[in-house]
Amino acid sequence: MGWGVKLPDPCDGSWAGVRCNDAGRVASINASRGGLVARLSGADLSKLAFLSDLDLSFNGLNGDLPVLPAPPLPRLVSLDLRSNSFFDNPRGFFAGFPALETFAVDDNDMVFPTIPDDVLACPNLRSFSANNAGIFGPFPHYFGNTTLFPALESLSLAGNRLTGGIRDGFGKNSGIKYLDVGGQHDDADGGGRRTLDGRVDLFIPGMENLVEVRLDHNAFTGPVPNAAGLVNLRVFDASYNDLCGVPVFANAGAVAANFAGNPNIGNLNSRQ
Numbered sequence: 309m310g311w312g313v314k315l316p317d318p319c320d321g322s323w324a325g326v327r328c329n330d331a332g333r334v335a336s337i338n339a340s341r342g343g344l345v346a347r348l349s350g351a352d353l354s355k356l357a358f359l360s361d362l363d364l365s366f367n368g369l370n371g372d373l374p375v376l377p378a379p380p381l382p383r384l385v386s387l388d389l390r391s392n393s394f395f396d397n398p399r400g401f402f403a404g405f406p407a408l409e410t411f412a413v414d415d416n417d418m419v420f421p422t423i424p425d426d427v428l429a430c431p432n433l434r435s436f437s438a439n440n441a442g443i444f445g446p447f448p449h450y451f452g453n454t455t456l457f458p459a460l461e462s463l464s465l466a467g468n469r470l471t472g473g474i475r476d477g478f479g480k481n482s483g484i485k486y487l488d489v490g491g492q493h494d495d496a497d498g499g500g501r502r503t504l505d506g507r508v509d510l511f512i513p514g515m516e517n518l519v520e521v522r523l524d525h526n527a528f529t530g531p532v533p534n535a536a537g538l539v540n541l542r543v544f545d546a547s548y549n550d551l552c553g554v555p556v557f558a559n560a561g562a563v564a565a566n567f568a569g570n571p572n573i574g575n576l577n578s579r580q
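Letter by letter, the sequence shown follows residues 309 to 580 of this note's numbering.
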C-alpha cells in the first residue's frame, strides 16, 4: 500500500485508501486487494477510535480474527474481511464493534469456527455475511429475533457446516429480506453429507419481508412452503432437497423459482 513511505501522517493525502475526518482522525480505511500478508492486531486496531469503515478484503491476512482490548471501537459500522486466510473466529471478537451494521467474512477457510454469542453485542446489524467460512454448529436462530436484531435485513451463511433444523420462530420474528443458507455440508467422511434439515414450511411463510431466499443443496423435507403471503418475493431457490407438493406464490410470474432435484415437487401455481 505504500503507507508512511513518504510522509508519516495518514491524513496528509498520500496514504492510499485512507480517509480522515475534519479533526484529522482516521475515519475510513479501504485496503482491499492491497497485497497485505500479516496477522491483524487487535491492539493496533483499538487505537483507531474514530474509524467507521474498514475494508481489508481480498488480502492474505491470517491468524485468528482480532479480539480488541477495552475499550471497543465505538464508531465502526462496516467491516469487510472477505477472502483472506483467517483461522478462527474467537469469543470476544464482536464485542469490539458494538456499532457494527455490516459484516462480511466470506471465503475464509477457517478451521472449526463458530459464530460466538457475543455477536449479540451488535444490535444494529443490517447485513451479516459469512459464506464459505467453514462455520459449524447449530443454526444461529437468534438472527431471526427482531428484539435482538431489529435492523437485520440480510443473512448469508451459504456453504458452511451448520446443523439441525431452523425453528418456526425464526420466521415469525424475522424482518429478513435476503436469506441464503444453501449448501450446508460435512466433508469429514468424504461424502459431503448435507447437514441442515427439517421443515421449511414451518418458518418461510412467516417471513413476510422476504425478497430472495436460497435453501438449495440441503436436507430439508416435507411440503414446499406456501408463499402466497410473500408479496415481495422475487427469488426462491429450494433445489436439491427432498420437498414435496405444489408451490404457491402470490405472483408466480414475478418469482424466479428453482425446485430442481426435488422429485416430488408438482407444477407451479399462482394464487390470484
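From the three backbone atoms N, C-alpha and C, an ideal C-beta is built for every residue, glycine too.
Check, Outcome
"Contacts around S365, its chain only, beta-carbon distance under 8 Å, and the 5 residues preceding and following it disregarded", "S340, R341, D388, L389, R390, S391, N392 and A412"
"Beta-carbon spacing of N370, F395 below 9 Å", "yes"
"For I337 and V556, the rounded distance between their alpha carbons", "46 Å"
"Cut-off 6 Å between Cβ atoms - residues of its own chain near L373, not counting five sequence neighbours on either side", "F394, N397 and F401"
"Coil, strand or helix - P379 by DSSP", "coil"
"For A535: DSSP bridge partner residues", "F557"
"Sequence-distant residues of its chain with Cβ nearer than 6 Å to V532 (five each side left out)", "L551, G553 and P555"
"Beta-carbon spacing of N439, S464 below 9 Å", "yes"
"Cβ-based neighbour list, F358, same chain, cut-off 8 Å, excluding 5 preceding and 5 following", "N329, A331, R333, V334, A335 and R383"
"Backbone secondary structure at Y450 - three-state DSSP", "helix"
"Within 9 Å, strictly: CB atoms of D488 and R522", "yes"
"Three-state class that DSSP yields for D545 in the structure shown", "strand"
"According to DSSP, residues forming a beta bridge with D476", "D476 pairs with nothing; no bridge assigned."
"Contact test: V427 Cβ vs the ligand FMN heavy atom, cutoff 8 Å", "Absent from the structure shown: the ligand FMN. Ligands present: none."
"Rounded straight-line distance, which links the Cα of I474 to that of F447", "7 Å"
"CA-to-CA distance, N540 to Q580, given in whole angstroms", "Here the model assigns Q580 a pLDDT of 34, short of 50, so the residue's position is not dependable and the matter cannot be decided."
"From G530, D361 and V519, residue whose alpha carbon lies closest to that of G537", "V519"
"Environment of P572 [buried if 16+ CB atoms lie within 10 Å]", "Checking the displayed sequence, the identity of residue 572 turns out to be Asn instead of Pro. When all chains shown are included, N572 counts as exposed."
"Per-residue burial, V419 [other beta carbons within 10 Å of its own, 16 or more giving buried]", "exposed"
"Backbone CA spacing between G445 and E516 [nearest angstrom]", "27 Å"
"Per-residue DSSP class, three states only, for D396", "coil"
"Contact check, D476 vs F511, beta carbons under 9 Å", "yes"
"Residue environment, S547, which counts as buried when at least 16 other CB atoms sit within 10 Å", "buried"
"Proximity of N526 and R507 at Cβ, strictly below 9 Å", "no"
"Distance between beta carbons of L470 and L504, contact taken as under 8 Å", "5 Å"
"Residues bridged to N249 [DSSP beta-bridge criterion]", "The chain is shown from 309 up to 580; residue 249 falls before or after that span and cannot be answered."
"Sequence-distant residues of the same chain with beta carbon closer than 6 Å to D524, five excluded per side", "G490, D545, S547 and Y548"
"Cβ-based neighbour list, L428, same chain, cut-off 7 Å, excluding 5 preceding and 5 following", "Y450 and L456"
"Residue range of the unbroken alpha helix (DSSP H) whose run includes G350", "G350 to L353"
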